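K.L.:
The structure follows.
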Amino acid sequence: MSQFAQELLSTFGNKIGEIALIPATGGLFTVELTYAPSESRQDSGQHVEMKKVLLWDRKAEGGFPETKVLKQLVRDHIDPSKDLGHSDKNGKKKKEESASQEEVISQAPSQTRDGQVLDVKRNPDGTVCEDCK
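The sequence shown begins at 3 in the working numbering and counts up by one.
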């Protein structure tokens, strides 16, 4: 469990104020996040609204999270614009790759049989799957 704490602190630095490990029995493992949403962090001298969300519950999810999944869940709340690099399912590089793949797929010709367009399965690079012909 301290591995999760180490990873989160090294990824988010000063954006995380505290990570607490609270001992429990009965297989309890939950990850809760208490944070100030970015719109309520303004230095206007007003009361800052805090939000608390349950990010992970071992019993509900059926196990422990992968570190990269936990990082993504935390990032989505405290710094949505942060790119987590190779461990980010919604990273900048991934978005660029999927956009170029969509472009390739839309440009690829469709197969026809007797004048009818067939539903063709394609590889991730946009080429027609040879096994599916």
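Just so you know, even glycine gets a beta-carbon here, dropped at the ideal spot from N, CA and C.
Being a predicted model, the structure only gives us computed values, none of them experimental.
Taking 8 Å as the threshold (C-beta atoms), are K53 and P67 in contact?
P.N.:
No, these two residues do not count as a Cβ contact at 8 Å.
K.L.:
Excluding the five sequence neighbours on either side, which residues of its own chain have a C-beta within less than 8 Å of the C-beta of L10, listed in chain order?
P.N.:
Result list for L10: I18, I21, L72, K73 and V76, in chain order.
K.L.:
In terms of DSSP beta bridges, what is E34 paired with?
P.N.:
E34 is bridged to L56.
K.L.:
Out of E34, M3 and D78, which has the shortest C-alpha to C-alpha gap to D59?
P.N.:
Answer by Cα proximity: E34.
K.L.:
Where do the N-terminal and C-terminal ends of the alpha helix (DSSP H) with E9 fall, by residue?
P.N.:
Where E9 is concerned, the enclosing alpha helix (DSSP H) stretches over S4 to F14.
K.L.:
Span of the alpha helix (DSSP H) holding K73?
P.N.:
First-last of the alpha helix (DSSP H) with K73: T69 to I80.
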